[in-house]
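Visitor:
Protein chains: 2
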Amino acid sequence: MSTRSGILFLVSGPSGSGKTTLCRKLADEGEARYSTSCTTRQPRPGEVNGRDYHFLSHEAFDEKVAAGEFLEHATVHGNSYGTLLSEVTCHLAAGIDVVMDIDVQGAAQVRRCTDAQICIALVDLFVMPPSEEELRVRLTGRQTDSEEVIALRMKNALAEMEHWPSYQYRLISATREEDYCRFKSLLVAERLRVARIQH
Amino acid sequence: MSTRSGILFLVSGPSGSGKTTLCRKLADEGEARYSTSCTTRQPRPGEVNGRDYHFLSHEAFDEKVAAGEFLEHATVHGNSYGTLLSEVTCHLAAGIDVVMDIDVQGAAQVRRCTDAQICIALVDLFVMPPSEEELRVRLTGRQTDSEEVIALRMKNALAEMEHWPSYQYRLISATREEDYCRFKSLLVAERLRVARIQH
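What follows is the structure, encoded as structure tokens:
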């Protein structure tokens, strides 16, 4: 009576919004599967292949693009990033919810792809810092980066934040605990949707 | 930026589903205002005018019906029950969420009324017992009632339960704590809806 397909939960937000932490915690608690992206960039220290990214050669990545295997993909500063459709659909079909930490362009691609080709229960959320001041504090907090890098991140973050009205839900970040509680509430609520149960 | 009107949260379900307890707890915690109905029936021992019901004479009730003051109303076994539109809209306009414990016919009336006349953010939920067996246990638990009354309640409950697909959300009752957690998640999630923020 209650079998349902999994929900694909897209989470966007600027750097410093805390979205990655939220997504990882949801996955760590076993509430949803974290979708691991593919990338052609080199692993950074501590990054694990298959957990942080699937690290691919440019050739392997391009082959998958040509074969239409990506749900979304993009090239940034000469490196490609993308999510394999198979990475997502196998879990959804098994009734497992999937969470994706994704930028606004990627989210738009996923929406177009799911509208046109495949029937996926999609929920999208935009996570925002509480204020511009707090965003600046959070972006400056990463001591490894120069003034210039921080200024660029700030500019990009503000530009990205203009896209929140395209999303179904918006979460304005408060404390970590409160954010996670509201974040998880979203998934709990969406699972109770009659439209999903009937599908 | 984040001002929003309140949400009208309709909660239906058969006797024994636990919906009344859920609604009252939400109101007790200050998360939403409990909408108090009007009725022409006599108060039962312990019932408080203005808390459990607004107790009205038949004449006063009929006058309000004629004046179009009810969001929904019905007559059951010679007594009338109804919710005043003003009881709900004053809170919603102030950004306070309102929860209504309402039967399926009442919920259908509210949907029609809000579709046609007034712009209200409506969320509806159907609460179900986990199984027919558990429903029987819960209805029998009320030691004050005869076998016949229980059999009638059971029949009515099963008939009412057929209406769950008309609702946006369905909650299958588990434990009281779990039910309340999921119930509250619904409200938390609905408050994050971008469509409501923009209104």
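As you go down the protein sequences, you meet chains A and B in turn. Be aware that the first sequence starts at 201, since it is given in the numbering used here, and climbs by one per residue. Be aware that the second sequence starts at 201, since it is given in the numbering used here, and climbs by one per residue. Here a beta-carbon is modelled for each residue, glycine too, at the ideal position from N, C-alpha and C.
1) Report the start-end ranges of each alpha helix (DSSP H) in the region 280-353 of chain A that is 4 residues or longer and not cut off at the edges.
2) Find the nearest neighbour of Ile320 of chain A within the set A:Ala274, A:Val288, A:Leu371, A:Asn279, judged by alpha-carbon distance.
3) Report the option in B:Met354, B:Val323, B:Val327 whose CA atom is closest to the CA atom of Arg338 of chain B.
4) For chain B, find out if any of its Cβ atoms is closer than 9 Å to the Cβ of Tyr367 of chain A; answer yes or no.
5) Are the C-beta of Phe326 of chain A and some C-beta of chain B separated by less than 9 Å?
6) Could you check where the beta strand (DSSP E) with Glu272 of chain A kicks off and where it finishes?
7) What's the call for Arg233 of chain B, buried or exposed, on a 16-neighbour Cβ count within 10 Å?
8) Suppose you measure from the CA of Ile372 of chain B to the CA of Glu362 of chain B; what does that come to, to the nearest Å?
9) If Thr220 of chain B and Asp301 of chain B are in contact, beta carbons under 8 Å, what's the gap, nearest whole angstrom?
10) Could you pull the start and end residues of the alpha helix (DSSP H) that Arg382 of chain B belongs to?
11) Against chain A, with Cβ distances strictly below 9 Å, would Lys384 of chain B count as a contact?
12) Under a CB-based cut-off of 9 Å, is Ser212 of chain A close to chain B?
13) Please confirm if Arg311 of chain B has its CB atom under 9 Å from at least one CB of chain A.
14) Given a threshold of 16 other Cβ atoms within 10 Å of its Cβ, counted over all protein chains shown, does Thr275 of chain A qualify as buried or as exposed?
15) Taking the alpha helix (DSSP H) that His258 of chain A belongs to, which residues open and close that run?
16) Would you mind working out which of B:Phe383, B:Pro243, B:Ala357 sits nearest Asn279 of chain B, comparing C-alpha positions?
17) Pick from A:Arg396, A:Ser385, A:Ala395, A:Arg393: whose alpha carbon is nearest that of Glu231 of chain A?
18) Got a sec, what are the start and stop residues for the alpha helix (DSSP H) Thr221 of chain B sits in?
19) In whole angstroms, what is the alpha-carbon distance linking Val394 of chain B and Tyr367 of chain A?
20) Whole angstroms is fine: what's the gap from Met201 of chain A's alpha carbon to Val248 of chain B's?
21) Among all the DSSP beta bridges, which residues are the ones paired with Leu371 of chain A?
22) Run down chain A in chain order and give the residues with a C-beta less than 9 Å from the C-beta of Ala389 of chain B.
Guide: Concretely, from the data shown:
1) Counting only runs of 4+ residues, the alpha helix (DSSP H) found wholly inside the region 280-353 of chain A occupies 285-293, 304-316, 332-340, in chain order.
2) A:Val288
3) B:Met354
4) yes
5) yes
6) 270-276
7) buried
8) Cα to Cα, the separation comes out at about 14 Å.
9) 5 Å
10) 376-391
11) yes
12) no
13) no
14) exposed
15) 258-266
16) Considering only alpha carbons, the answer is B:Pro243.
17) A:Ser385
18) 219-228
19) 7 Å
20) For Met201 of chain A, the pLDDT reaches just 42, beneath the cut-off of 50, and the residue's location in the model is therefore unreliable, although a value from the coordinates is still provided. Computed Cα separation, rounded: 41 Å.
21) A:Val327
22) Tyr369, Arg382, Ser385, Leu386, Leu387, Val388, Ala389, Glu390
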